[in-house]
Amino acid sequence: MPAPAPLHLAAEIGGPPHDDPGRLLGLARTAEEGLLDFVTLADSFGGPGPDALGALARIAPETRRIGLVPTVTTTHTEPFHVQAGVATLDWVSRGRAGWRVDVSTSAAENRLVGRRELLGPEAAWAEAGEVAEVSRLLWDSWEDDAEIRDTPTGRFVDRDKLHYVDYRGTAFGVRGPSIVPRPPQGHPVTVVDASAAVSRDTAARHADVVLLRAGTAEETAARGTELRARAAALGRDPGTLRILATLVVDLGDGPAASAPGGGHFGGSPAGLADLIARWHAGGAVDGFHLVPLAPDTGLARLTAGTVAALRERGLFRDRYEDTTLRGHLRLARPANHFATTGGAS
């Protein structure tokens, strides 16, 4: 009988106050003590406090193994800067970075920039897919051994191993190469919330991790099967997608509740462990992205209660076996596009 697929767990650490790095660090360390795959930090363009990417870059050197996945809104940020910021997070975290792609279709947020027309959801998500595509190319624009650091000759980089990407999108063009060497993971992990139909094509084309708002196990499993089929039709290996159900949790001491009607769970940590174990055993999802209603207390209950119960059942790791987020998710490090195709510099 084949071994069961590994269970993947992630948690959101956002919520006010947004500008307290000590609080975020404490939450990330709590998640790390629970051996979670990664934490997410929600964000929106023009929101209060520092942006999520900068906030997680601040705490990255003070954590060791937990994956760090900020929300990055692509609509009003130049693609070149998006990829450079995510690559930098991968470097300062020593290979533990991801990014949760998001878009802005708000007129109020558009007015903060005022340099383009307001995009509707379909156009914004199509552009986000282009940003994800050019980001991968820019991460590959430095081959892994492009840095030579030859002090006697004063040569820092082998220019033959730097490449122009010459990418032309619908509304932008990027020549490259990047200003940041290829990230430790090759490509930081791309996360897309595909709960809404408008984002599913982008998820099928570009995501390593797909988030789906939990409904019933059957509904979520059907949506995951649909996404994997769409990825396969696009020439991707559907087995490389990790599908996580997003569940808002309120871990009190009351009886366990199911998760219908928009993906909420109210109940005990043990009850949540029962739900996770049941869904995972049935093959509905690869894991869960858990959003505590009150992170400062809920995350501790999650790791000390729910995760510990899953570990006692042999369903979750008892130690980190890898040092990178791709390793936690059992995703291979991608080959360099230009090194394998012999792309021109």
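Per full-length UniProt numbering, the very first residue in the sequence shown carries number 1; after that it's consecutive. Virtual Cβ for every residue (Gly too), placed ideally from N, Cα, C. Given the structure is predicted, the values throughout are model-derived calculations rather than measurements.
*Does the stretch 272-282 come close enough to the stretch 202-213 to have 3 or more Cβ pairs within less than 8 Å?*
no
*Starting from Leu329, follow the alpha helix (DSSP H) in both directions and report where the run begins and ends.*
Where Leu329 is concerned, there is no enclosing alpha helix (DSSP H), given that its DSSP letter is neither H nor E.
*Tell me whether Glu33 is buried or exposed, calling it buried when 16 or more other Cβ atoms sit within 10 Å of its Cβ.*
exposed
*Are the beta-carbon atoms of Trp142 and Leu162 separated by less than 7 Å?*
yes
*Compute the beta-carbon to beta-carbon distance between Pro334 and Leu302, rounded to the nearest angstrom, for a pair I have assumed lies under 8 Å.*
Incorrect: roughly 31 Å between the Cβ atoms, too far for contact.
*Note down the Cα distance separating Asp297 from Gly267, rounded to an integer number of angstroms.*
The question names Asp, but residue 297 is Thr in the sequence shown. Computed Cα separation, rounded: 14 Å.
*Under three-state DSSP, which class holds Val134?*
helix
_Simplified DSSP state of Glu62, which is helix, strand or coil_ = helix
*Burial state of Ile148, where buried means 16 or more other Cβ atoms lie within 10 Å*: exposed
*asked:* Counting C-beta neighbours from all protein chains within 10 Å, is the total for His81 16 or more, i.e. buried, or is it exposed?
replied: exposed
*What residue range is occupied by the uninterrupted alpha helix (DSSP H) comprising Gly22?*
Pro21 to Glu33
*Taking the Cβ atom as the reference point for each residue, do His337 and Asp140 lie within a distance shorter than 7 Å?*
yes
*Range of the contiguous alpha helix (DSSP H) that encloses Phe288*: That residue, Phe288, is in no alpha helix (DSSP H); its beta strand (DSSP E) goes Gly287 to Pro292.
*Separation of Gly252 from Pro79, as counted between CA atoms*: 42 Å
*With a Cβ-Cβ cutoff of 7 Å, do Leu56 and Gly14 count as a contact?*
no
*Report back the beta-carbon spacing between Ala214 and Leu241 to the nearest angstrom; my notes put them in contact at under 8 Å.*
Contact flag wrong, Cβ pair sits at about 17 Å.
*Is it the case that the CB of Glu143 approaches a heavy atom of the ligand ADP more closely than 6 Å?*
Looking at this structure, you won't find the ligand ADP or any other ligand, since it has none at all.
*Report the three-state DSSP secondary structure of Pro334 (helix, strand or coil).*
coil
*Give the range of the alpha helix (DSSP H) segment to which Ala204 is assigned.*
Arg200 to His206
*Mark Arg200 as exposed unless 16 or more other C-beta atoms lie within 10 angstroms of its C-beta, in which case mark it buried.*
buried
_Endpoints, beta strand (DSSP E) assigned at Arg115_ = Careful: Arg115 lies outside any beta strand (DSSP E) and carries neither H nor E.
*For Gly46, I'd like the list of residues in its chain whose CB is within less than 6 Å of its CB, leaving aside the five on either flank, ordered along the chain.*
Glu109 and Leu112
*asked:* Please list the terminal residues of the continuous beta strand (DSSP E) segment that includes Asp250.
replied: Arg242 to Leu251
*Take Thr323 as the anchor and find which of Gly224, Gly176, Asp37 and Glu12 has the nearest alpha-carbon.*
Asp37
*Can you check whether the CB of Asp144 is closer than 7 Å to the CB of Arg96?*
no
*Own chain partners of Ala300 with C-beta closer than 8 Å, once the 5 adjacent residues on each side are dropped*: Thr30
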